[in-house]
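Numbering-wise, the sequence shown is residues 29 to 206 according to the numbering used here.
A virtual CB, placed ideally from N, CA and C, is assigned to each residue, including glycine.
Because the structure is a prediction, the values reported are computed rather than measured.
Working notes, beginning with the structure itself.
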Amino acid sequence: MTLSERGNTLFRYFSGLAEYVFQSELGIADPPLTDYLSDLMYRFVRVDRMHRVRNAIGQPAKYVSDMLVEADQRIGDAKRDVHRHIGDFTLYWAGLFPESLQTEGEGASLDQFTNYCVHGKRAYLIASTILTEEEDAPGEVLERLGTQFEMCAYGLREVRREMERRDDDEGRSILLLN
């Protein structure tokens with residue numbers, strides 16, 4: 029993320045909410061982790077960034093299974109990038125919109141949520157082991173995202189609740205800008 033994007037009002041809003049929820053509500057003081065999660069929310073505001081992994085003929089990989097196939101066909105930085113994206117994609121949906129993972133049938137929604145968590149954790153852990161010069165996603169942060177995936181997803185759910193609570197307050201609460 030560029031310095032100018034970090035100054036963006038929407039990014040600062042996400043950053044303030046993430047810091048408030050993770051530090052004040054959950055007691056987790058991990059600035060690199062909360063910065064990464066703020067960046068994740070900001071990046072995925074744009075749908076084209078959510079579906080940026082492409083197959084060999086240029087079509088977006090919209091499903092985790094398609095992204096996994098693409099990750100297996102890549103090496104080096106490209107492989108790391110796709111695995112990181114799988115982790116980001118699954119964490120975004122499992123954290124902010126878990127209800128979207130519900131499908132028809134008894135127990136199906138739990139299976140879909142569990143699958144997202146399993147694939148997200150694994151993808152972050154794989155990405156964390158591939159060495160790179162990329163500064164915006166250090167291996168240590170990706171490793172923490174992999175080992176603490178469920179906690180991060182819970183934290184993002186709490187960020188969403190805080191956003192909804194603020195919407196219900198009709199703007200009377202303090203806007204947290206970083």
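With respect to the alpha helix (DSSP H) encompassing residue i, which residues constitute its N-terminal and C-terminal limits?
i      : result
Thr118 : Gly104 to Leu124
Arg71  : Pro59 to Arg71
Val97  : Val92 to Asp100
Val169 : Gly167 to Thr175
What's the gap between the Cα of residue i and the Cα of residue j?
i      : j      : result
Val97  : Phe39  : 32 Å
Leu54  : Tyr48  : 9 Å
Glu168 : Pro60  : 9 Å
Ala15  : Trp121 : The first residue shown for the chain is 29 and the last is 206, placing residue 15 beyond what the model contains.
Thr160 : Gly115 : 17 Å
Ala106 : Arg82  : 12 Å
Ala186 : Ile158 : The sequence shown places Glu at residue 186, not Ala. Distance between the alpha carbons of Glu186 and Ile158: 31 Å.
Val73  : Leu65  : 13 Å
Tyr70  : Asp76  : 12 Å
Ser156 : Arg108 : 8 Å
Asp100 : His113 : 13 Å
Asp172 : Arg150 : In the sequence on display, residue 172 carries Arg and not Asp. Their backbone Cα atoms lie some 12 Å apart in a straight line.
Leu31  : His79  : With a pLDDT of 47 at Leu31, under the threshold of 50, the modelled position of that residue is not reliable, and the figure given next carries that caveat. Their Cα atoms are separated by approximately 24 Å.
Tyr182 : Asp94  : 26 Å
Helix, strand or coil for residue i, going by three-state DSSP, please let me know.
i      : result
Arg82  : strand
Ala151 : helix
Leu38  : helix
Leu184 : helix
Leu31  : Model confidence at Leu31 stands at a pLDDT of 47, short of 50, so the residue's coordinates are unreliable and nothing is read from them.
Gly55  : coil
Arg77  : helix
Asp195 : helix
Leu159 : coil
Gln140 : helix
Across which residues does DSSP place residue i in a beta bridge pair?
i     : result
Pro88 : Arg82
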